[in-house]
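Let me begin by presenting the structure, written as structure tokens, before commenting on it.
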Amino acid sequence: MNQNTNTNTVFVQGVEAPHDYTGEIPEGFELIDLPPCKMLVFQGQPFEDSKFGEAIHELWEVMKSYKPEIYGFEWADEDGPGFQLAPMGYRGYIEARPVRLLNRKQI
């Protein structure tokens with residue numbers, strides 16, 4: 000897992016495997032169970048592959064100013080790790096962060 004210092008979220012990189020997987024695990028990797036949680040997914044605009052760093056930073060700026068409370072949610076980084084998909088210019092940069100539904104009285 001990695002700590003994203005920009006949003007202070009924990010990231011996980013890996014692949015989904017069956018719960019009963021018993022095959023080989025590459026060195027430096029481990030099997031973990033992640034609890035279910037709601038995720039807010041952000042997707043940036045398509046970009047030139049050579050400019051993936053700029054695309055990531057642009058989306059991070061959007062995420063920093065985003066207020067999930069407007070839509071009845073709050074950030075819930077302790078509920079699970081965030082994730083990102085490999086930066087591919089044709090689809091834009093994609094990153095997700097855990098959220099939790101607010102109590103209706105808090106909205």
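Take 0 as the starting number for the sequence shown in numbering that gives the first Met the number 0 and just add one per residue.
The beta carbon of each residue, even a glycine, is placed where N, CA and C say it ideally should be.
Cβ-based burial, residue i [other Cβ within 10 Å; buried from 16]
{"i": "E94", "result": "buried"}
{"i": "V40", "result": "exposed"}
{"i": "V61", "result": "exposed"}
{"i": "L33", "result": "exposed"}
{"i": "A16", "result": "exposed"}
Span separating the alpha-carbon of residue i from that of residue j
{"i": "E68", "j": "E23", "result": "43 Å"}
{"i": "Y89", "j": "P25", "result": "30 Å"}
{"i": "D78", "j": "V98", "result": "8 Å"}
{"i": "P35", "j": "D48", "result": "32 Å"}
Enclosing alpha helix (DSSP H) for residue i [first to last residue]
{"i": "F46", "result": "Careful: F46 lies outside any alpha helix (DSSP H) and carries neither H nor E."}
Boundaries (first-last residue) of the beta strand (DSSP E) holding residue i
{"i": "L33", "result": "No beta strand (DSSP E) contains L33, which DSSP labels as neither H nor E."}
Local conformation of residue i per DSSP, three classes
{"i": "V14", "result": "coil"}
{"i": "L100", "result": "strand"}
Legend entry - Residue ranges of each beta strand (DSSP E) within the segment 44-96, 3 or longer: 72-74
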